[in-house]
Structures are given as C-alpha cells and as structure tokens.
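Trainee: Protein chains in written order, with my numbering: chain A, 1 to 192; chain B, 193 to 384; chain C, 385 to 576; chain D, 577 to 768.
Quick reminder that beta carbons are idealized off the backbone N, C-alpha and C, glycines included.
The structure follows.
There are 4 protein chains.
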Amino acid sequence: MSPRADAVRSRERILEVARGRDARTLRLNDIAGDAGVGIGTVYRHFPTVRALIEALSVETLMRLGAAADRAVAAPDAHAAFRGFLEDALTLQLQDSGLETVLTDLALTDADLHDECAIARGKVFSGYDAVLSRAQRDGVVRRDLSVAQLQRLICGLEHAVRLGAPADRDLLLDILLSGMRPAALDSPAAAIG
Amino acid sequence: MSPRADAVRSRERILEVARGRDARTLRLNDIAGDAGVGIGTVYRHFPTVRALIEALSVETLMRLGAAADRAVAAPDAHAAFRGFLEDALTLQLQDSGLETVLTDLALTDADLHDECAIARGKVFSGYDAVLSRAQRDGVVRRDLSVAQLQRLICGLEHAVRLGAPADRDLLLDILLSGMRPAALDSPAAAIG
Amino acid sequence: MSPRADAVRSRERILEVARGRDARTLRLNDIAGDAGVGIGTVYRHFPTVRALIEALSVETLMRLGAAADRAVAAPDAHAAFRGFLEDALTLQLQDSGLETVLTDLALTDADLHDECAIARGKVFSGYDAVLSRAQRDGVVRRDLSVAQLQRLICGLEHAVRLGAPADRDLLLDILLSGMRPAALDSPAAAIG
Amino acid sequence: MSPRADAVRSRERILEVARGRDARTLRLNDIAGDAGVGIGTVYRHFPTVRALIEALSVETLMRLGAAADRAVAAPDAHAAFRGFLEDALTLQLQDSGLETVLTDLALTDADLHDECAIARGKVFSGYDAVLSRAQRDGVVRRDLSVAQLQRLICGLEHAVRLGAPADRDLLLDILLSGMRPAALDSPAAAIG
DNA sequence: CATGAATGAGCGTTCATTCAT
DNA sequence: AATGAATGAACGCTCATTCAT
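Following this line, the structure appears as structure tokens:
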C-alpha cells in the first residue's frame, strides 16, 4: 500500500541533482540522465522547469524566512540587519532560482505551488519585518521599499557572480553603508 | 573602393535592429528577418553573435569613455563621480551587451575586433582615472578596485532591470553613499 | 527491458531507407522524411552519418566474412578465390559505405561501434586467409598485400559504377587474370 | 583596344588556382578568394563548376591525345600499350576532373565547350587507335571495349587514390597482365 | 568587365515536450 | 508510476548563385 516509496525516491534524486545546477540553464533532460531517472518521471514530478525551480526554492525560502525571524529577534538592530543581508546573499548565491521566485512580478501566489507560495509569503513578511525594524531603529533609510531591497540583493548576487566570491564582503559592506539613513549622509555634515 | 553603399546600408539596418534587442538572447536569424536582409548578409557582416555584440558595444564604449573624460575634467570631485556612475548605468541599461564586453575575464583584447578592443581599453583607463581621482579626493573608499566598481555597476544594472526604471535614482544613490570612505562609516561614530 | 518494439521498428525503417541510398551522399534529414520518422529519431539512433553507415555495414561485413570462410573451405583454390572476389564486389556494389569502413586508414577500431569493429576485424582476417591460401596455392602473385587487394576491389567497384553492371564479369575476369603469379607472366615466355 | 588583357589574366589565375584543387570538391568561392579575383569574375569565365573542370581538362586531354599518338607510332606493341596506360593513369591522377569528362555518358559533345569537345574527341579516337592496335597485335584481349578500358583506368585511379602512390606500379602491372588475351589465360594451359 | 554584397535554400544539430509502452 | 522513444520547431551556419554597383 505504499507505492509512493519509488515516487518519493525519484523526486528526491531529481531535486538532489538539480540543486547542483545553475537554475538559469537547467535542462530537464540532463537532470533526468544524471538522476538515473526517465525524462517522463521528471516531467511527472515537475511539469515545467519553473515547477522544479520552485520546488528547489522552498527549502531556501524557509531558511530565508528563519533568517528573518532571527534578525527580528536579535538585540542589535544594525547587526541584525547586516546579518540578515549576509544570509540572504549567501542563500541566493547557493540557489540561483531564488531570484525569479522572489522578484518575478508576473508570478502571483496562484501560479505557485501551495508550499512555495506559503514559504514565499513568509519571506516577504520576514523581509518586511526586518526592514521595518531597521528603519524604525534608524539603521536604514526610510525611503527604501521591501521590493527595492530584494532587488538590491539580487544585484549584489549578480555582481558577486561576475567576479570572485572574495568580493562578497566588500560589496556587501558598501551596500549596507549605502542604505544608512541619509540624514548623516555627507561626511562634511558629520564632520561639521 | 570605399565600402559599398548597399553594404553600409545593410550593416546599418542590422545594427539598428540589434540595438532594439536584448544582447543576451540575440538570434542572428531573427535579426535578419526583421532587418529585411538575408541571413547570409548578417553572417557576412557579423560571423558570430559575439561580433555583433561587440560592434554594438563600440559606440556605447566610446560614449562611456567620453563620460569618463568629462568626469575627470569636472571641478567637483563628488559630483563628477556621481555623474560618471549615472552615465555608466544609463549606457549599460541601453546596451545589454556591454556587461559581457566589460566583465568577461576570458575576453582578452586579442578576442576582440580592434576597434572594440581600443574602445574598451579607453573605458578601462577612464574608469581608472575617474576612480583614482575620486579616491584621491576622499570621495570614494580606497579599498575599492576598478573591477569591483564595474561589477557593482553591473549589479545595479541588474537590479534596475528587475524592477522599474524609477528605482534607478534611489539605488544609485545608495550605491554612491555606500562607496564613500569608511572613516566616518558608522552614524554612531559621527554622532558621538 | 528488451529494446522497445517501436524503437526497433524505427531503427529498422531508417536502415531500410538508408540501404537504398548512396552512402556518399546520405542526408540524415532526408532519411527521416522518407522513413516517416522524426529527425530527432534518426539522431537518437544514429548520432552521425558515420554511425548510420557503420550500422549498415555490419550486415554486409558479416556476409563478407562468411564469404571468406567459404572461400577458405572450398576445395579448388582458384575457384575459391574467384568466388570470393565476386562476392566482395557484389557486396560493395550493394553497400556503398563499405569502402570507407574498409579502407579509411584514419578509421581505427576505437572509432567504430563494437559490433562494426568486430565484423570488420573478421573481414580483415578473412581477406588475409583467402589471399594467403591463394598465394600458397600459386593462384595469386605473392607480392600483393591484403590492403592492395582491398583497394583493387574498390577500384573495380568504382569502374563498374561508372558503366553498366554488365561490365562486371569482364572487368572482374581481367582483375583475376592480372593477379596470377608473374612467373609465367608474358605470353611470349609461355609460348617460347 | 585590348581590354581583354585583364580578362585573360583573370582567367589564367583562376585556372592556375583551380589546378591545385581536387575537382570533386571544388568551391568556386574559394577559388575566387585564392585567385585574388571576385566571385563574379569566376562566374563570368566559368558559369558552372563543370565549365571550369572542362576548361582544366582541355590541357590534360591534349596531353593524353599526344600520348595516344606516341603509342600508336611506337614500334613495340606491348610497350606502347603499357606506356599509354601509364600516361593515362598519371594524367588522371593529376587532373581529378578528367574522369567526369571522359566517362559521364550524359555529357555529349553539345554539352561541352568546343575546345573541350574536340580535345575529348581526339582522346576517344586515340584510345580507339591504341586499343585496336594492341588487340590486332595480340597484346590485349579482343573483348575489351574502349569505354571499358577507360573505366578500368578510372578504377585504377580510384584504387591508387585510396592508398599510397607507391601502389601505382604494382596495380598497373596487374591490370596490364589481366588484359592480355585469354587464349593463354590459364597457367596450366601455358605450361601444358 | 570586374567586383563582392546579397541571397536563401538547405544542411546538421539540439532540446523541450509528448505519449506509447 | 516510470520509462525513454519519438517528435519537430528552431537554431546556427554554409555555400552556390545572382545581381547591383
């Protein structure tokens, strides 16, 4: 009565193989081959490339949601915000499909598998909470929206991918500095 | 003797059509169709997609080089740097092939058409001049390299493409703020 | 488990159509059309033209190997040799790809599909056995190598293709006569 | 009043370049490039590949005709015949287009340029004269036609091309031996 | 006459997707 | 449920031939 064992194993192997791939150049045929599974099986589990990317993203989204929770709970506002951005960047570098799931405006909850839509929703509200808190505590300028913050992370991800991973910290530092409230924006003002 | 009139016209039409395309998904066949030109003609002028992208980039690169010259000559160091970044971002948003030409490390001068290699060389030295001047004048932190700056622009380009053009100014502002010298880095320090 | 029925049918139809073609001007796309099969199917079974030619040659090679076996076992040395050459010529006229498989020196066993390499190997040793026996029995001049004999057959094939099939017997007769030991080479000598 | 000087020079260069090519894989575009001449010029002089091959063949045909004349005039019938075959083979190995001109049955005199048709006609009658004389003098079996002899040479050419030039003499020797009259055909008969 | 730009049919090949087994 | 053979649109590219300059 558990014919699902095979199915579960297949799904698992497919996801495992896909995780090692760049989501932007996924080829379902290859995945099937490397997972030791028929193409038909891949399509049964994931009717479109998008579906596979979404499935992969669920786990990452949940980790990102957890990171947001931690950030909200952390005592130091600045450190919390920085820590969250670090986590977000790390996760996006690991899961290249995340960008699409998070920023494709044409992708409504209805388009997503339930599990993914829920996880994404938590990330959105997590982002909101983290950013709101940072803004409330004067750590981040108030004219930055959640969507813009997300896109900035994506831009950062892109920049890091273009160069060496070693750039990561410097670029992140720049971004963080740049998001501080503009009130004390100019060095001159600070000096004066 | 001089390049034939019809050849010039063909080349022009091809470039014109290609300019309206995303360089990352160019189809030489499509270009031919939309330019009202035979496939063979496109291949005669641009044997590879790369060749076409390079040809497109030459003009943009020259504009970018000119922008660098202006920035170096401008009186106010901060305004000059900001102006240059604005120009760079604008040009990259217009010419999606620029990123490759500027940041593909595997792309040496030898791989490029002479005209393109020269124009790129000028942009590199222009970037260097602009950044050096900005760092010398205390407008930009000294631990930022030219290559990193270029990648940051690419990241910004990416972020803007993901959202609305309206984000442009805010995101650019953030990036600029973030690049200021770190000496007075933390608001707390400044306040204290 | 066993090769699927439809796959076998496709393979068969492709081979059947290809058999009716000149191997030197095979078009995989045409084959597909005439076999009532998708292009992709042809490529799945035969990734290159060479693969198809080899597949076609296997059967012919096996027949040629068998002909060699018969020739070696036949009582009359001269008749055996003649019979073998007749068979070889007939088979090469039927399968225009055989020449390449047999005489392309750049084509090592490693380049060939196992089945084909094995069949070709048998033909080579068969040729060797037939020729050796003929030479031992004084039916063929000893300064003729296996490779030369093969090329002579190819030349004969070529000559027959240029004219009418009716030439076949005469030309073969000439070739056979020409290969007899040179000891009694000149009519004059024989008469004297 | 001699605007033909250019034309003559162009024609010459084209022929010169083409002579260094294999007639079976000629590409008019390449010829043009290597001859430092426009494609249009090549087409003006030689509207089809065939026309170029024919033009190239004229010179070879005349040499072959001369060889036939020599053979007819030579004292020793056997040596004369052998010498002619040697010449014919040598010329065909040099000019790979000769085969077509000589053996394409669909190619009537009307299809050929005058000069070529005439030269070919002389070769045909030369072949006839050489073969007739050889047959009359008992050097060659009488059941061999001119056309068959020509095709045998083509077959020999083909065999030599497949292997090393060093094979040439042996294979020619075999062919010559094979064409001797059949009366003394069997070694046994000769011995007896 | 010479030129070489333009043409486009046609080839080899890939790959996302469907569907018979 | 799993398989993988079949499909064919679509791509990149070549090259013989035409024709405007």
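Between the Cα of B/Glu307 and those of B/Arg333, B/Val322, B/Val250 and B/Ser288, spot the shortest distance and give me the residue it belongs to.
Mentor: Among B/Arg333, B/Val322, B/Val250 and B/Ser288, the Cα nearest to that of B/Glu307 belongs to B/Val250.
Trainee: What is the rounded straight-line gap between the Cα of D/Leu752 and the Cα of C/Arg434?
Mentor: Rounded to whole angstroms, D/Leu752 to C/Arg434 spans 36 Å at the Cα level.
Trainee: The alpha helix (DSSP H) that contains A/Thr108, what's its start and end?
Mentor: No alpha helix (DSSP H) holds A/Thr108; DSSP gives it neither H nor E.
Trainee: By the criterion of Cβ-Cβ separation under 9 Å, what are the contact partners of D/Leu674 in chain C?
Mentor: Simply none; closest approach about 12 Å.
Trainee: Within the 9 Å Cβ cut-off, does B/Gln340 reach chain A?
Mentor: Yes - at least one Cβ of chain A is within 9 Å of the one on B/Gln340.
Trainee: Relative to the alpha-carbon of D/Gly731, which residue among D/Val715, D/Ile750 and D/Thr636 has its alpha-carbon at the smallest distance?
Mentor: Considering only alpha carbons, the answer is D/Ile750.
Trainee: Taking contact to mean at least 3 C-beta pairs separated by less than 8 Å, is the segment 258–265 of chain B in contact with the segment 221–241 of chain B?
Mentor: Short answer: they don't touch.
Trainee: Would you please state the rounded distance, in angstroms, between the beta carbons of A/Val123 and A/Leu61? I believe it to be under 8 Å.
Mentor: Correct: roughly 5 Å between the Cβ atoms.
Trainee: Could you check where the alpha helix (DSSP H) with A/Leu170 kicks off and where it finishes?
Mentor: Note, A/Leu170: alpha helix (DSSP H), Arg168 to Met179.
Trainee: Check whether the segment 523–539 of chain C and the segment 727–746 of chain D are in contact - that is, three or more C-beta pairs closer than 8 Å.
Mentor: Taking 8 Å as the limit for Cβ pairs, the verdict is that the segment 727–746 of chain D does touch the segment 523–539 of chain C.
Trainee: Within 8 Å, do at least three Cβ pairs link the segment 518–534 of chain C to the segment 463–473 of chain C?
Mentor: Yes: at least three Cβ pairs fall under 8 Å.
Trainee: Unbroken alpha helix (DSSP H) runs of length 4 or more, entirely within the segment 452–537 of chain C: which are they?
Mentor: Runs of the alpha helix (DSSP H) inside the segment 452–537 of chain C: 461–478, 482–487 and 498–520.
Trainee: D/Gly609 lies in the alpha helix (DSSP H); which residues open and close that run?
Mentor: Taken as a continuous stretch (DSSP letters only), the alpha helix (DSSP H) holding D/Gly609 covers Leu604 to Ala611.
Trainee: Restricting to Cα atoms, I'd like to know which of C/Ala407, C/Val401 and C/Arg408 is closest to C/Ala416.
Mentor: Cα-wise, what sits closest to C/Ala416 is C/Val401.
Trainee: Going by alpha carbons, who is nearest to A/Gln92 out of A/Leu112, A/Ala67 and A/Ala77?
Mentor: The option with the nearest alpha carbon to A/Gln92 is A/Ala67.
Trainee: Do we get a CB-CB distance below 9 Å when we pair C/Val544 with the residues of chain D?
Mentor: Taking Cβ atoms only, chain D reaches closer than 9 Å to C/Val544, which makes this a yes.
Trainee: Scan the segment 100–123 of chain A for residues whose Cβ lies nearer than 7 Å to a Cβ of chain B and list them as they occur along the chain.
Mentor: Going along the segment 100–123 of chain A in chain order, one finds Thr103 with a Cβ nearer than 7 Å to chain B.
Trainee: Step through the CB atoms of chain D and report whether any lies within less than 9 Å of the CB of C/Ala566.
Mentor: Output row for C/Ala566: interface = yes.
Trainee: Taking Cβ-Cβ distances below 8 Å as the criterion, which residues of the segment 550–564 of chain C are in contact with chain D?
Mentor: Listed in sequence order: Asp551, Leu554, Leu555, Asp557, Ile558, Leu559, Leu560, Ser561, Gly562, Met563 and Arg564.
Trainee: Specify, as a first and last residue, the run of the alpha helix (DSSP H) that C/Ala409 falls within.
Mentor: According to the sequence provided, residue 409 of chain C is Thr. The question's Ala does not apply to it. Premise fails: C/Thr409 is in no alpha helix (DSSP H) and is neither H nor E.
Trainee: Answer yes or no: do D/Leu720 and C/Leu448 have a C-beta to C-beta separation smaller than 9 Å?
Mentor: Against a cut-off of 9 Å, the Cβ pair of C/Leu448 and D/Leu720 comes out as no contact.
Trainee: Taking buried to mean at least 16 other C-beta atoms within 10 Å of its own C-beta, is C/Gln478 buried or exposed?
Mentor: Its Cβ having fewer than 16 others within 10 Å, C/Gln478 is exposed.
Trainee: Is it right to say B/Arg333 is buried, meaning 16 or more other beta carbons lie within 10 angstroms of its own, or is it exposed?
Mentor: So B/Arg333 ends up on the buried side.
Trainee: Classify D/Val715: buried if its beta carbon has 16 or more other beta carbons within 10 angstroms, exposed otherwise.
Mentor: Classification of D/Val715: buried, given that the 10 Å Cβ count is 16 or more.
Trainee: Strictly below 7 Å CB to CB, what residues from chain C border D/Asp719?
Mentor: The answer, in chain order, is Leu554.
Trainee: DSSP state of C/Gly539, grouped into three classes?
Mentor: C/Gly539 falls in the helix class under three-state DSSP.
Trainee: For A/Gly163, go through chain B and note every residue whose CB falls closer than 8 Å to its CB, in chain order.
Mentor: Those are Thr295, Ala339, Gln340 and Arg343, listed as they occur along chain B.
Trainee: Taking Cβ-Cβ distances shorter than 7 Å, what residues in chain A pair up with B/Leu348?
Mentor: The answer, in chain order, is Gly155.
Trainee: In chain order, what residues of the same chain lie with their CB nearer than 8 Å to the CB of D/Leu665, ignoring the 5 residues before and after it?
Mentor: Cβ within range, chain order: Ile729, Leu732, Glu733, Val736, Arg744 and Leu748.
Trainee: Excluding the 5 residues flanking B/Leu304 on each side, which residues of the same chain have their C-beta closer than 7 Å to its C-beta?
Mentor: Glu246 and Arg312.
Trainee: Going by C-alpha distance, which of D/Arg587, D/Ser701 and D/Val706 is nearest D/Asp652?
Mentor: Among D/Arg587, D/Ser701 and D/Val706, the Cα nearest to that of D/Asp652 belongs to D/Val706.
Trainee: Can you grab the Cα-Cα spacing for the pair A/Ala106 / A/Thr100, in whole Å?
Mentor: Each residue's alpha carbon lies about 10 Å from the other.
Trainee: Which residues bound the alpha helix (DSSP H) around A/Gly40?
Mentor: Unbroken alpha helix (DSSP H) run through A/Gly40: Ile39 to His45.
Trainee: With H, G and I counted as helix, E and B as strand and the rest as coil, what does DSSP make of D/Thr624?
Mentor: Coil at D/Thr624, not helix or strand.
Trainee: For D/Arg585, count neighbouring C-beta atoms within 10 Å of its own C-beta (all shown protein chains included) and say buried if the count is 16 or more, exposed if not.
Mentor: The residue in question, D/Arg585, is exposed, as its Cβ has fewer than 16 Cβ neighbours within 10 Å.
Trainee: Given this structure, state the Cα-to-Cα distance separating B/Pro239 from B/Thr233, to the nearest angstrom.
Mentor: Rounded to the nearest angstrom, the two C-alpha atoms are 10 Å apart.
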